[in-house]
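See below for the structure under consideration.
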Amino acid sequence: MQLFNNTPFVNFRFYNSDSRGTEFGVLVVKGTYEIGKDGILTIADEQAPLVLSDRYCGAVNVSSLQIPSDLAPLKPRADVIVNAIARAPDGKPLTSWKCGVAVTGEHRLEKRLRVTGPRQWMPTFSVPDHVLADLDGVQRMKVFKGWRLTDPSPVSEVPLQFEHAYGGFRPKDDDAGITGEIEERNPIGCGLIETEMPVVDGPRKAPQIEAEDLPIQDAAVRYAPEGLGPIPPAWLPRRKFGGTFDENWKEHVWPNWPDDYDFSYHNSAHPDLIYPGFLNGDEVIDLDGLDFAGQRTIRLPGHQLMIQAVTTGGAEPPVLMNLDTLVIDITNPDPDEHRVFLSWRAIFDPNAPIEIRCGFATSVQTASAAQEQIQTHGASS
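So that you can map any letter, position 159 of the sequence shown is 159 in full-length UniProt numbering, and since no number is skipped, the others follow by simple counting.
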């Protein structure tokens, strides 16, 4: 099978299967855009390569997922992912400020956060420190009152990574030694602590990222981990969509996906940033508190991609590819290095086509113009 890519973007063709073992072909096309000072996107001269496996900020499983793999077979809805550092207005250190992202198009999607400087949960006791110093562990349990959240220190930047969001590991002391509980929505976070008694003396790191309308105030409350970045496949709630991997699966279903596998497993955005449908490509993105200048607006370029299969019976009608991934990377302190990545995806019958053509059009072009372009064979890839 030949693939003719008549777009300026990188592409990759691969094969996957559903829970019944039915194979299908996948074509993913990814475009890299530069962001102008006016918020208008232009196609970058240097197109970023496809990401073939999940890319993390640090070590796998103990750091935030930075860029999910581009090799998702199918996404039922579009992902909106923002890799960013919350930056205080004018770069002046603050104890807290608000930030967020809004997507306006056929649907409106908005997520608002509040970030703070470093703060801690401090254990409090009913006796003075000089008395506490002479007490053993059992005696300290009797005078332990609870946890107090300290005031945050002023900062000018807060990385929007899940290490700074609610979550983490809560140790417990039992007969078997130190065991504990993990916040499965964010195992690498902070703030999940034992509220009944401190296993260790001293402060615990408290989250610096919280929902704007639900500030973190009570150590006993299980807060939702907040952020704008992607969720790894092993975390909840994403993991549950992968299905049930039990002995029955191992003995009777493997190597197929489990029967209860859902393609939503491949939506890696924060649950609050999964778009209700697919993006049209002309949405307006408002960013707030993620730049020292304050607010920033980005306008997607209105680009559409089409795919056409050619079989022994002739060319089939072109169909639009799904724009299912928007990644905004604005972590670099130099705005000239900021990028937007758009990914389109389509599935096809792996047995029927002898040729796949991919075409590119802007929102001002007519469908017939796009079809004419798709039928013009460019360089094959």
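Each residue gets a CB set at the ideal place from its N, CA and C atoms; glycine is no exception.
All values derive from a computational prediction rather than experimental measurement.
- In the three-state reduction of the DSSP assignment, residue 52 falls in the coil class, being assigned neither a helical nor a strand state.
- For a cut-off of 8 Å, the C-beta gap from residue 89 to residue 292 is around 7 Å, short enough to register as a contact.
- Residue nearest to residue 142 within the set 130, 133, 125, 121 is 125 (criterion: CA-CA distance).
- Between residue 288 and residue 168, the CB-CB gap reaches or exceeds 8 Å.
- In the structure shown, residue 2 adopts extended strand secondary structure according to DSSP, grouped into three states.
- Minimum Cα-Cα distance from residue 334 among the listed residues 87, 322, 357, 12 corresponds to 87.
- Note that the segment 40-53 does not touch the segment 231-239; fewer than 3 beta-carbon pairs, one per stretch, sit closer than 8 Å.
- Listed in chain order, the beta strand (DSSP E) elements of length 3 or more contained wholly in the segment 238-319 are 284-288, 295-299, 304-311.
- With contact defined as three or more Cβ pairs closer than 8 Å, the segment 344-362 and the segment 318-333 are in contact.
- For residue 140, the uninterrupted alpha helix (DSSP H) segment begins and ends at 137-143.
- A straight line joining the alpha-carbon of residue 227 with that of residue 243 spans about 25 Å.
- A direct Cα-Cα distance of roughly 47 Å separates residue 37 from residue 351.
- Distance from the CA atom of residue 158 to the CA atom of residue 184, rounded to whole angstroms, is 23 Å.
- Residue 121 sits buried, since 16 or more C-beta atoms from the chains shown fall within 10 Å of its C-beta.
- The way I'd put it, the segment 21-33 does touch the segment 60-73; three or more beta-carbon pairs between them come closer than 8 Å.
- The residues 287, in chain order, have a CB closer than 6 Å to that of residue 296 in the same chain once the five nearest residues on each side in sequence are set aside.
- Close CB contacts of residue 338 within its chain, under the 7 Å cut and outside five residues either way in sequence, are with 35, 329, 330, 332 (chain order).
- Distance from the Cα of residue 327 is smallest, within the candidate group 298, 346, 191, 314, for 298.
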